[in-house]
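Colleague: Residue numbers (this note's numbering): 40 to 190. Backbone N, C-alpha and C define an ideal beta-carbon position, used for all residues, glycine too. Dumping the structure here so I can ask a few things about it.
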Amino acid sequence: MESRCEILRKAREGKSLTLQNVAETLGLSLPQYRDVEAYDEEIEQTLSTAQVLRLFETLNLRVEDVFGKPQQPTGSIALDSPFAVSSLVDQYLARESMGLSEFEERVGWDHLDQLTHAENMLNRPIMFFQALAKVLGLDWRTLLRAYLPQS
């Protein structure tokens, strides 16, 4: 199985783009983008989710191509919008008799009252979606889909 780095490098080379071309597209320095293609965790930890999505668009990749296919969500709520995610969190808070600040502490991220603001959430790294999904018992890729533009 190819590493994320190999997938990104091959896709970039297949589009005849240089490291510098992609770095400029993402608003990164050349060393910053070089690290993205050198270390698998860089894509999750240092790029904003919006930058990751722009990278995938530039390289003609899908989330599944790099991170694998998400598991199907469980439960009755369809995670098709930021509002659905916010509703799911509200249900979790009620079920756990928990306040927002305690939930934020459990997730390890603050400002979770802004879940309905897709732009704000997409400025966070992929690891934010991973942490939130872990607490909610979901696959993070399923959670991320709620914030992707609907086609």
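Run through DSSP, which three-state label would S68 get?
Modeller: The answer is coil: DSSP assigns S68 none of H, G, I, E or B.
Colleague: Leaving aside the five residues before and after V91 along the sequence, list all residues of the same chain whose C-beta is less than 7 Å from its C-beta, in chain order.
Modeller: These residues qualify, in order along the chain: I82 and I165.
Colleague: According to DSSP, simplified to helix, strand and coil, what is P164?
Modeller: In the structure shown, P164 sits in a strand (DSSP, three-state: E or B).
Colleague: Under 8 Å between the Cβ atoms of L132 and F142?
Modeller: Taking 8 Å as the Cβ cut-off, L132 and F142 qualify as a contacting pair.
Colleague: Between S68, N60, T85 and L69, which has its C-alpha nearest L161's C-alpha?
Modeller: Here the closest residue by C-alpha is T85.
Colleague: Based on DSSP bridge pairs, tell me the residues matched to S87.
Modeller: BP columns for S87 point to P164.
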